[in-house]
Amino acid sequence: MSTDPRRLERQLRRHFYAGIKRYGLINEGDHILLGLSGGKDSLALLDLLAEAIKRSGRRFEVSALHVRVSGVDYRSDTAYLNQRADASGIKLYVEDIAFEPDRNERRSPCFLCAWHRRKALFELAQRLGCNKIALGHHQDDILRTALMNLTHCGSFATMPARLTMRKFPVTIIRPLCMVSEAMLRDHAAFAGYKPLEKSCPHENHSDRTRIEKVVEAFSQLNPDFRHSLWHALDSEGKLTEG
């Protein structure tokens with residue numbers, strides 16, 4: 000972890016604004032709905048977007064949604080999230096959802112949980128008139144997804160930094176797309192974010208968890224592996240859709 004908080008914050012903001020500029024993620028007049036899980040990534044994104052609003056002269060607006068899923072032991076502290084949102088000047092909405100297990104074995108509990116969370120985001124975005132939804136996926140998430148798609152689907156694709164939906168008048172954006180997880184982990188320690196307690200029974204047995212070991216192996220083989228894979232995705236136009 001960097002021992003210089005000021006240097007870390009400068010690096011974090013440089014990568015954050017570089018991603019926004021590179022992929023055209025935020026425009027004047029946008030109303031963005033942020034998916035706030037309460038983890039380090041979404042809390043950092045909350046703070047960064049609040050700062051970006053001020054820097055822009057309030058030329059865009061941000062609201063936030065925290066979704067609590069029945070049966071998933073995330074133990075989120077909604078009072079703490081409200082406190083963070085209030086300090087950022089961003090309105091926070093909290094919704095409780097539940098879903099039944101699917102008979103289709105291909106639809107794992109992780110898939111269903113993510114699908115229903117995303118559904119809640121889309122529904123609130125439409126009610127609030129938001130034209131964009133911001134998710135807290137960082138650069139490592141995007142790189143891991145690319146490797147998972149190569150391994151399991153035989154396709155070179157990933158979660159794009161900007162995705163214009165076809166069925167809804169909403170664009171998905173990932174403003175942390177050029178920020179590494181290590182940088183966010185260091186930032187969370189310096190910022191003193193309250194850890195999100197979670198004990199999902201599927202968390203340590205997912206393909207995404209296993210692919211982290213593959214990324215580590217590739218990085219040992221080539222220290223520039225992350226840069227090489229990112230460049231390949233970018234040059235092939237895989238980081239923007241629509």
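When you line the sequence shown up against numbering that gives the first Met the number 0, it's residues 0 to 241, in that order. No residue lacks a Cβ here, since even glycine has one placed at the ideal position from N, Cα and C.
What residue from Leu120, Ser154, Arg67 has the CA that sits closest to Glu235's CA?
Ser154
On a Cα-Cα basis, can you pick out the residue from Val68, His226, Asp46 that is closest to Ala242?
Limits of the chain in this structure are 0 at one end and 241 at the other, which puts residue 242 out of reach.
Could you check which residue in Ala187, Asp139, Leu134, Leu146 has the C-alpha nearest to that of Leu162?
Leu134
Burial state of Leu48 (16 or more Cβ within 10 Å):
buried
Inter-residue spacing [alpha-carbon to alpha-carbon] between Ile141 and Asp95:
28 Å
Who are Thr163's beta bridge partners in DSSP?
Thr170
Alpha-carbon to alpha-carbon, Arg9 and Arg116
32 Å
Can you name, in chain order, every residue of its own chain whose Cβ lies under 6 Å from the Cβ of Ser218, other than the five neighbours on each side?
Phe224
Check the DSSP bridge columns for Ser62 and list the partner residues they point to.
Leu32, Lys90
Does Val61 pass the burial test, meaning 16 or more other C-beta atoms within 10 Å, or should it be called exposed?
buried
State the Cα-Cα distance for the pair Lys237 and Pro174, rounded to the nearest angstrom.
16 Å
Lys193 in three-state terms, based on DSSP:
coil
Starting from Ile210 and walking both ways along the alpha helix (DSSP H), at which residues does that stretch end?
206–220
Supposed contact pair Gly128 and His65 - C-beta distance, whole angstroms, cut 8 Å
The pair is not a contact, with the Cβ atoms about 20 Å apart (cut-off 8 Å).
Under the three-state DSSP convention, the category Arg57 falls into
coil
Local Cβ density within 10 Å of Asp206, reported as buried at 16 or more and exposed below that:
exposed
Mark Pro168 as exposed unless 16 or more other C-beta atoms lie within 10 angstroms of its C-beta, in which case mark it buried.
exposed
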